[in-house]
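This report refers to the structure that appears directly beneath it.
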Amino acid sequence: MDVGCGPGGNAVQLLVPLFPKLEKIFAVDLLPDMIDFAEKHNSHSLIEYSVANIEDRSSIERWENKISKLVALHCFQWLKDQRKGFCNVFNLLKSGGEAAFCFVLQSSLYAAILEIQKNHKWSSLFEGVDDYVANSHHDNYHSSYYEKMLKDIGFEVLYCKEEVKIDSFTSDEEYRDFFPSICALTSHVPAEQKEEFKEDLFQELLKQNGRDSEGLPQHWGNMLELVVRKE
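In the numbering used here, the protein residues as written are 1324 to 1554.
Given below as structure tokens:
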């Protein structure tokens, strides 16, 4: 199962080649638009796409105790109740089934979003708006927190690695365009202020990240990689 499959690229390009003996991939995402796109552009005879929410057991219970391998890439940082998500993964897996997770714990994008929200120019626009900054960033959770949670749920932790990754972008333009596209606040900015918002976010990100030795803008994220088994 691919949880948080998005537009389906990982399922087709990564999971199908990685598991040559697989019988079926159930690829699920919370957003119907993502599933529509995946079915149109990344269809495959071995992949079944469905709208489902890993935090809502009723939407996934038809697969409980049937999944041998589960992958969730850059999905769990979006969850409001990560423990519930992990518990639902536990219920999905067969005995001996394994799951792999990769998600952001803390990042300079989160830090920049929080600073933008405090800026008097923008703060009134974002009152009551969900910024989707991960709880792990707010509460400074690290690998030991997740290892304990997963063991308490009943998983055997096979692999756990926390690592800060720094990525450089090819240009200021790419950097300026990319982050507003994944920032939850952008859609709440009026059209006539979009460019100003993009510039302010760009400057705040530069303040958080600086530039690399070649002068290119960069971004840091503290990532967690986990592999667990249901005993």
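Where a beta carbon is used, it is the ideal one built from N, C-alpha and C, also for glycine.
- Where ASP1352 is concerned, there is no enclosing alpha helix (DSSP H), although the beta strand (DSSP E) around it starts and stops at 1348 to 1352.
- Residue range 1478 to 1491 is occupied by the beta strand (DSSP E) that includes LEU1481.
- Minimum Cα-Cα distance from CYS1398 among the listed residues SER1467, GLU1497, ALA1350, ALA1514 corresponds to ALA1350.
- Residue environment: GLN1405 is assigned as buried (16 or more neighbouring CB atoms within 10 Å of its CB, all protein chains considered).
- Counting the other Cβ atoms within 10 Å of the Cβ of ASP1325 gives 16 or more, which makes it buried.
- The three-state secondary structure of CYS1398, taken from DSSP, is coil.
- Within the model, the alpha-carbon separation for GLU1470 versus ILE1383 is close to 24 Å.
- Taking all protein chains in view, the Cβ of ILE1439 is crowded by 16 or more other Cβ atoms within 10 Å, so the residue is classified as buried.
- Beyond the five residues adjoining it in sequence on each side, TRP1386 comes within less than 8 Å, by CB distance, of MET1324, PHE1349, LEU1415 in the same chain, given in chain order.
- Assignment of beta-bridge partners to ASP1325 by DSSP yields ALA1350, VAL1394.
- Under the Cβ criterion (8 Å, minimum of three pairs), the segment 1456 to 1475 does not count as touching the segment 1518 to 1527.
- Excluding sequence positions up to five before and after PHE1360, its CB lies within less than 6 Å of the CB of PRO1330, all in the same chain and listed in chain order.
- In terms of Cβ geometry, LYS1389 and GLU1421 do not form a close pair [threshold 7 Å].
- At least 7 Å separates the beta-carbon of ILE1436 from that of ASN1411.
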